[in-house]
Amino acid sequence: MDQNPLGLADKASENRAREFTREYLNFLDDLTDEKTYSQKVEDLIRENGTRLIVNINDLRRKFPERANGLIRNFVEEIICLENAFKDYVSKVDADYAKTREFHVGFEGSFGDRHVNPRRLKSEFLGNMVCCEGIVTKCSLVRPKIVKSIHYCEATKKTLEKKYTDFTSYEAVQSSNVYPKEDENKNPLETEFGLCVYKDHQIFSIQELPECAPPGQLPRNVDVIADDDLADRCKPGDRVCVIGLFRVLPNKQGGASSGNFRSVLIANNVQLQSREMQPNFEQDDIKNIRKMSRHKDIFDLLARSLAPSIYGHEEVKKAILCLLLGGTERILENGTRLRGDINVLLIGDPSVAKSQMLRYVINTAPRVIATTGRGSSGVGLTAAVLHDNDTGERRLEAGAMVLADRGIVCIDEFDKMSDIDRTAIHEVMEQGRVSISKAGIQAKLNARCSVLAAANPVFGRYNSFKNPMENIGMQDSLLSRFDLIFVLLDEHDVERDKAVAENVVKLHRFRTPGESDGTVLPLGNDIECRSTFDYEVEDAKSSSVYEKNRDWTAVDESQKILSAEFVRKYIHMAKAIKPKLGEEASKFISESYSELRSTDAGRTDRERTMPVTARQLETLIRLSTAMAKARLAKEVELIDAKNAYDLLHFACFKEKPKEVMDQEARKGKRQRNAAENTAESDGDENMETDEIITSKEPRTSRYPRRGTSQTSNTADTNESVPMQSPPSKRAKSVAAISVDRYRKFKECFRQAYDNAPKENGLANLETVKGAIQQRAGRAAFTDDEIMAGFEKLEDENACMLVDDNVTVI
Numbered sequence: 001m002d003q004n005p006l007g008l009a010d011k012a013s014e015n016r017a018r019e020f021t022r023e024y025l026n027f028l029d030d031l032t033d034e035k036t037y038s039q040k041v042e043d044l045i046r047e048n049g050t051r052l053i054v055n056i057n058d059l060r061r062k063f064p065e066r067a068n069g070l071i072r073n074f075v076e077e078i079i080c081l082e083n084a085f086k087d088y089v090s091k092v093d094a095d096y097a098k099t100r101e102f103h104v105g106f107e108g109s110f111g112d113r114h115v116n117p118r119r120l121k122s123e124f125l126g127n128m129v130c131c132e133g134i135v136t137k138c139s140l141v142r143p144k145i146v147k148s149i150h151y152c153e154a155t156k157k158t159l160e161k162k163y164t165d166f167t168s169y170e171a172v173q174s175s176n177v178y179p180k181e182d183e184n185k186n187p188l189e190t191e192f193g194l195c196v197y198k199d200h201q202i203f204s205i206q207e208l209p210e211c212a213p214p215g216q217l218p219r220n221v222d223v224i225a226d227d228d229l230a231d232r233c234k235p236g237d238r239v240c241v242i243g244l245f246r247v248l249p250n251k252q253g254g255a256s257s258g259n260f261r262s263v264l265i266a267n268n269v270q271l272q273s274r275e276m277q278p279n280f281e282q283d284d285i286k287n288i289r290k291m292s293r294h295k296d297i298f299d300l301l302a303r304s305l306a307p308s309i310y311g312h313e314e315v316k317k318a319i320l321c322l323l324l325g326g327t328e329r330i331l332e333n334g335t336r337l338r339g340d341i342n343v344l345l346i347g348d349p350s351v352a353k354s355q356m357l358r359y360v361i362n363t364a365p366r367v368i369a370t371t372g373r374g375s376s377g378v379g380l381t382a383a384v385l386h387d388n389d390t391g392e393r394r395l396e397a398g399a400m401v402l403a404d405r406g407i408v409c410i411d412e413f414d415k416m417s418d419i420d421r422t423a424i425h426e427v428m429e430q431g432r433v434s435i436s437k438a439g440i441q442a443k444l445n446a447r448c449s450v451l452a453a454a455n456p457v458f459g460r461y462n463s464f465k466n467p468m469e470n471i472g473m474q475d476s477l478l479s480r481f482d483l484i485f486v487l488l489d490e491h492d493v494e495r496d497k498a499v500a501e502n503v504v505k506l507h508r509f510r511t512p513g514e515s516d517g518t519v520l521p522l523g524n525d526i527e528c529r530s531t532f533d534y535e536v537e538d539a540k541s542s543s544v545y546e547k548n549r550d551w552t553a554v555d556e557s558q559k560i561l562s563a564e565f566v567r568k569y570i571h572m573a574k575a576i577k578p579k580l581g582e583e584a585s586k587f588i589s590e591s592y593s594e595l596r597s598t599d600a601g602r603t604d605r606e607r608t609m610p611v612t613a614r615q616l617e618t619l620i621r622l623s624t625a626m627a628k629a630r631l632a633k634e635v636e637l638i639d640a641k642n643a644y645d646l647l648h649f650a651c652f653k654e655k656p657k658e659v660m661d662q663e664a665r666k667g668k669r670q671r672n673a674a675e676n677t678a679e680s681d682g683d684e685n686m687e688t689d690e691i692i693t694s695k696e697p698r699t700s701r702y703p704r705r706g707t708s709q710t711s712n713t714a715d716t717n718e719s720v721p722m723q724s725p726p727s728k729r730a731k732s733v734a735a736i737s738v739d740r741y742r743k744f745k746e747c748f749r750q751a752y753d754n755a756p757k758e759n760g761l762a763n764l765e766t767v768k769g770a771i772q773q774r775a776g777r778a779a780f781t782d783d784e785i786m787a788g789f790e791k792l793e794d795e796n797a798c799m800l801v802d803d804n805v806t807v808i
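Here the sequence shown is numbered in the UniProt record's numbering, starting from 1 and rising by one per residue.
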């Protein structure tokens, strides 16, 4: 009589399980309906898979009670669903069903069960939840025994034992003791070839940094992944884990304590990282190929990078080359020629160095960001740690190893100690990390590009010291950077006005994607309650050009590409492997020897880094990256010339003379056109973009050829600024650009120091000749020399006395 209620309960549960299994079988067998899951099962068999992914929204539409039961009472329901799945596979392919164990994973909308590690409470125990976070650490993938086969030599019998624990769905857990004897104390031999194992891994996910409350540490939870889910993710990945939230007993001294360890037993792991390949539509590929034939596609792409940042055109070109990368070569003897491009930005505060890094972090598909103060040498490369699970020592990858085939952004690079900076020497050149300590000898791949930003040693750049003294780093480290840019916060009225207008514009207009009204709190009302990425528009191609130009710093007459299109274009261009052409190879060889000779004639103040054989490889990498921007299969002469101009600017803080002369002629034509327009319209405004002119009427002590002192004085006295329109004589006003004036000032100081002097006066013609000699290929015009001396006199830096000059 006492056993009857239990028997009735068991019979009722069996009937309920059969009913659930039948409903699940009807759900999977949808041949007469949409044929969604019947097709999925056929594809699964064809691919030799064992896990079927079910959208819980589909189940909720057909069998809402089953969907609710899966969330509330997961263990009982999942056993019925997996049994139904195996029965359906048996109908399709009986032989395939006999040899495998099948599993079911889930996706879709989970409502209040879509949580993060902080919101996992005891009320969710036994339920199916979807937990979102970032993977912090992963254990090694180890085999876990499922079934062991033993043979008894004495009785000639074979024994079989199955193993279950708290991570399985079985109601009764078996003993984990490995059998060595049978019930009669006869020894048993294990038939290892007949035993069944499965992959087993434990990894931890941590609360997303942007979702953690201010002032509190992020929470984390352990996830147990078996079979095909093992090794699905790696540290640094953002994932959604769907599975059973369960507690495991915490044994101390062989007895279970009252404290329990909560874990997630995963049935599906979805990556949410930006590393996923962009969704290319047919129109996207057509637009990319069409844009690759654009005449100035490289300049257009560079202009579209970080369009909210004013200026820094050369830096944007370098970052575009870094995103595209060169071509890696593996020689027959095993030598690796890296294709990764390393860039260092150094300069005064508030020149948008960190903003450049932030743009790369949000654009590139695989980026690891770190800071100099918060990084150590082993944190960037690899560390040897003690594994608490096995008691063994294991390697834990650092930032550069995690960013293999990606980019490492290091902000505040100057705050790192010399010992920590030395640890990345091998990574930046060889692309690997060699470990030989604690009995571990290993080589880890770290084929990544390095984008670093640093401040000068003295906080601000000291123009009276050479760049090496300002940078304060070893030459062995600096030579591993392909490009080094010195960004200065110079006082220029026109530039400061343009920067101010751009910053005010950013505060006036919303950027794309920013919602109307007040900002919503992170982690609450705006959380996505589904495993699907609603930002991905599968059926819509990306627009080519940016339509909303209010927030950009680019001139309205120039077009820029949209951020999504640039991301797709770079992804497609990186797959191209261009080869060096004959003309490009010859030009690169000649350019390298010219760079070496130019470097030998320059002083330490005039160069940012020494020109070594590594700069020859830099020319090749930059040329290859520029060919990739054109989607070309061969590096042409124009690519090599553009690469030489960019490297020359990075090495000597100025463009080659031919480029500057071309820009000067172009600027002169624009100024002449503007002056002619001003004369015809009576307009007072003159184009003064980055032009330094005399700010007050005075008698020039350095008259132009063919003009007298008296006529020059009359001209300057007649032209009163902002009172009358400029006359035709205004065309002869001396002008020099900011960069050229800085160069002129350096050459003058060196020429004056080395010139023979009498009573502190040096001959003017001698100083002029020395200035031109030191300028080399970047020689100054007569107008530039006159404007330079006038500006020096305005600054009370020198004084012209007849045909002599002296320094004040």
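Don't be surprised by glycine CBs; every beta carbon is placed ideally from N, CA and C.
According to DSSP, residues forming a beta bridge with residue i
i: M416; result: DSSP lists no partner for M416.
i: Y151; result: T158 and E189
i: G105; result: I53
i: L264; result: V223 and F245
i: S434; result: K443
i: G372; result: Partner(s): none; G372 has no beta bridge.
i: residue 834; result: No information on residue 834 is available, as it lies outside the stretch 1 to 808 that the chain covers here.
For residue i, the three-state DSSP class (helix, strand or coil)
i: F20; result: helix
i: E690; result: Low local confidence applies: a pLDDT of 41 at E690 is under 50, so the model's placement there is unreliable, with the coordinate-based value given in what follows. E690: coil per DSSP, three-state reduction.
i: D112; result: helix
i: V92; result: helix
i: G769; result: helix
i: H507; result: helix
i: D489; result: coil
i: F74; result: helix
i: L520; result: With a pLDDT of 42 at L520, under the threshold of 50, the predicted position of this residue should be treated as unreliable, and no value is reported.
i: R621; result: helix
i: C80; result: helix
i: R774; result: helix
i: K295; result: coil
i: M128; result: strand
i: I808; result: coil
Neighbour-count burial assignment, residue i, 16 or more Cβ in a 10 Å radius
i: A539; result: Confidence at A539 is low in this model, with a pLDDT of 41, below 50, so the placement of that residue should be treated as unreliable; the coordinate-derived value is given next. With fewer than 16 other Cβ atoms within 10 Å, it is exposed.
i: D803; result: exposed
i: N455; result: buried
i: Q615; result: buried
i: T327; result: buried
i: P187; result: exposed
i: G111; result: exposed
i: Y359; result: buried
Supposed contact pair residue j and residue i - C-beta distance, whole angstroms, cut 8 Å
i: D404; j: N445; result: 5 Å
i: L324; j: A573; result: 6 Å
i: A230; j: Q201; result: 4 Å
i: C131; j: V241; result: 5 Å
i: Q272; j: R238; result: 4 Å
i: I319; j: Q355; result: Their Cβ separation, rounded to whole angstroms, is 11 Å, which puts I319 and Q355 out of contact at 8 Å.
i: A382; j: E392; result: Actually they do not touch by this definition, with Cβ atoms about 16 Å apart.
i: L506; j: G347; result: 21 Å between Cβ atoms; not a contact.
i: R480; j: M428; result: 4 Å
Check whether residue i and residue j have beta carbons under 8 Å apart
i: R421; j: G431; result: no
i: Y569; j: I808; result: no
i: F106; j: M128; result: yes
i: F27; j: F85; result: no
i: S204; j: T136; result: yes
i: A627; j: P578; result: yes
i: H150; j: E189; result: yes
i: S562; j: I588; result: no
i: K295; j: L305; result: no
Residue i beta carbon near the ligand ADP (any heavy atom closer than 7 Å)
i: K768; result: This structure lacks the ligand ADP; in fact it carries no ligand of any kind.
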